[in-house]
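Chemist: Here numbering that gives the first Met the number 0 is used: the sequence shown runs in plain steps of one and ends on residue 182. All residues carry an ideal CB built from backbone N, CA and C; glycine is no exception.
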Amino acid sequence: MRCPALYHVLMTITARRYLDNSIGVLTLTATPQGLAQVTFGEAPAPLTVHEPSEQHHICEGILDDAAHQFSEYLSGSRTAFSLPLDLSGATAFQRAVINGLLTIPYAQTISYRDLATLIGRPQASRAVGNACATNPLPIVIPCHRILRSDGKLGGYLGGRTIKRFLLDMEIRHGAITSDCRPM
0 MRCPALYHVL MTITARRYLD NSIGVLTLTA TPQGLAQVTF GEAPAPLTVH
50 EPSEQHHICE GILDDAAHQF SEYLSGSRTA FSLPLDLSGA TAFQRAVING
100 LLTIPYAQTI SYRDLATLIG RPQASRAVGN ACATNPLPIV IPCHRILRSD
150 GKLGGYLGGR TIKRFLLDME IRHGAITSDC RPM
């Protein structure tokens, strides 16, 4: 199954960077509008090579900032990302979920039901879970902070081990809120 946001990103990729870090390889993808995708492992689709252009340099700058911020986040010295985000492939509902996720403070968790209520759709817990499962920017948009109603971890794009690692790391390093700017 291919989600619309992922399809959009694959059609407009301008630059990509691989980061090898404490949770494995992350693939960062940027468009001139912002960071568009974070993938656990190496991205499966080939990246079209572009001639160097002003837009390509903009993407490289976004990737430089993102790589630096990921390094800081994973070392515990950054508790919020401050990057332009390209969410142009997201539906209105996905954007509502993303905006809700961005309000969850660092080192805190809520349930899928709580998130559904937060975005004004209290009966949409499953749809919220599906939106989290197709989040194009895990970690940056902190879907790892969502737990099942019974307090158990639930699923995660990067796997439960990485979800537990991220939550434990955040708890060790304190709390403030996210500062991302969806585009």
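1. Do the region 143-152 and the region 79-91 touch if we need at least three Cβ pairs shorter than 8 Å?
2. Can you tell me whether Ile91 is buried or exposed, with buried defined as 16 or more other CB within 10 angstroms of its CB?
3. Please determine, among Leu136, Thr160, Leu156, the residue with the shortest C-alpha to C-alpha distance to Val37.
4. Could I get the ranges of all uninterrupted alpha helix (DSSP H) runs contained in the region 52-126, with 4 residues as the minimum, in chain order?
5. Run through DSSP, which three-state label would Thr30 get?
6. Helix, strand or coil: how does DSSP classify Thr176 here?
7. When the Cα atoms are used, what is the spatial distance from Thr30 to Val139?
8. Rounded C-beta distance between Cys58 and Thr13? I'm assuming under 8 Å.
9. What are the boundary residues of the beta strand (DSSP E) that includes Leu18?
10. May I have the straight-line CA-CA distance separating Glu41 from Asp19, to the nearest angstrom?
11. Any contact of the region 103-114 with the region 54-68, i.e. 3+ C-beta pairs under 8 Å?
12. Arg163 and Leu156: beta carbons closer than 8 Å?
13. Out of curiosity, what's the CA-to-CA distance linking Phe69 and Arg120?
14. Between Ile170 and Ile61, what straight-line distance do the alpha-carbon atoms span, to the nearest angstrom?
15. In terms of alpha-carbon separation, which member of Ala79, Gln32, Arg94, Val24 lies closest to Asn134?
16. With 16 other CB atoms within 10 Å as the buried threshold, where does Leu165 fall?
17. Excluding the 5 residues preceding and the 5 following His7 in the sequence, name in chain order all residues of the same chain whose CB lies nearer than 7 Å to its CB.
Modeler: Once the coordinates are examined:
1. no
2. Within the sequence shown, residue 91 is the residue found at index 92, counting from 1. Going by the sequence as given, residue 91 is Ala instead of Ile. So Ala91 counts as exposed.
3. Here residue 37 refers to the residue found at position 38 of the sequence shown. Closest option to Val37, Cα to Cα, is Leu136.
4. 53-74, 91-100, 111-117
5. Your numbering for residue 30 matches position 31 in the sequence shown. Strand at Thr30.
6. On the sequence shown, residue 176 is found 177 positions in, with the first residue counted as 1. Because Thr176 carries a pLDDT of 41, less than 50, the predicted location of this residue cannot be relied on, and no value is offered for it.
7. Taking the first residue of the sequence shown as position 1, residue 30 is located at position 31. Taking the first residue of the sequence shown as position 1, residue 139 is located at position 140. Thr30 and Val139: Cα-Cα distance of roughly 16 Å.
8. As a working note, residue 58 is residue 59 in the sequence shown. As a working note, residue 13 is residue 14 in the sequence shown. That pair is a contact at about 4 Å.
9. Position 19 of the sequence shown holds residue 18. First-last of the beta strand (DSSP E) with Leu18: 14-20.
10. One-based indexing of the sequence shown puts residue 41 at position 42. One-based indexing of the sequence shown puts residue 19 at position 20. Distance between the alpha carbons of Glu41 and Asp19: 10 Å.
11. no
12. The residue you call residue 163 lines up with position 164 of the sequence shown. The residue you call residue 156 lines up with position 157 of the sequence shown. The answer is no: Cβ separation not under 8 Å.
13. On the sequence shown, residue 69 is found 70 positions in, with the first residue counted as 1. On the sequence shown, residue 120 is found 121 positions in, with the first residue counted as 1. Cα-Cα distance, rounded: 31 Å.
14. To locate residue 170, count along the sequence shown from 1; it is residue 171. To locate residue 61, count along the sequence shown from 1; it is residue 62. Straight-line Cα distance between these residues: approximately 28 Å.
15. By one-based count along the sequence shown, residue 134 stands at place 135. Among Ala79, Gln32, Arg94, Val24, the Cα nearest to that of Asn134 belongs to Arg94.
16. Sequence index remark: in the sequence shown, residue 165 carries index 166 (1-based). Counting Cβ neighbours within 10 Å, Leu165 comes out buried, since at least 16 surround it.
17. In the sequence shown, residue 7 corresponds to position 8, counting from 1. Annotation note: pLDDT 45 at His7 (below 50); position unreliable, no value reported.
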